[in-house]
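Numbering (our numbering), first residue to last: 5 to 84.
As structure tokens, this is what we get:
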């Protein structure tokens, strides 16, 4: 049995974020990037979604990783 492979089109992700922003210009957008951006790379995904207003993570360690990488936007910690 072959392992599944996911190919992420980061340009499409940016386009989709811009489209949502166009449709809801008064809204603030959070990019949920918990669990290593669902296995697609936390920092790579955050850099692709840099137009988000803030980022959502599930663990303090993820938030600290973003800060260590120089991300200064607000971070929503979903852990509870």
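Just so it is clear, CB atoms sit at the ideal spot from N, CA and C, and this is done for glycine as well. It should be emphasised that the depicted structure is a prediction, and the values quoted were computed from it without experimental measurement.
Could you give the DSSP three-state label for residue i: helix, strand or coil?
| i | result |
| --- | --- |
| residue 35 | strand |
| residue 43 | helix |
| residue 54 | coil |
| residue 30 | coil |
| residue 72 | helix |
| residue 49 | helix |
| residue 11 | coil |
Which term fits residue i, buried or exposed, when burial requires 16 or more other beta carbons within 10 angstroms of its beta carbon?
| i | result |
| --- | --- |
| residue 9 | exposed |
| residue 59 | buried |
| residue 65 | exposed |
| residue 7 | exposed |
| residue 16 | exposed |
| residue 81 | exposed |
Looking at the secondary structure, which residues open and close the beta strand (DSSP E) in which residue i lies?
| i | result |
| --- | --- |
| residue 61 | 58-61 |
List the residues that DSSP assigns as beta-bridge partners of residue i.
| i | result |
| --- | --- |
| residue 79 | 59 |
What separation, rounded to the nearest whole angstrom, lies between the Cα atoms of residue i and residue j?
| i | j | result |
| --- | --- | --- |
| residue 68 | residue 48 | 16 angstroms |
| residue 35 | residue 11 | 19 angstroms |
| residue 78 | residue 18 | 19 angstroms |
| residue 25 | residue 39 | 24 angstroms |
| residue 62 | residue 43 | 13 angstroms |
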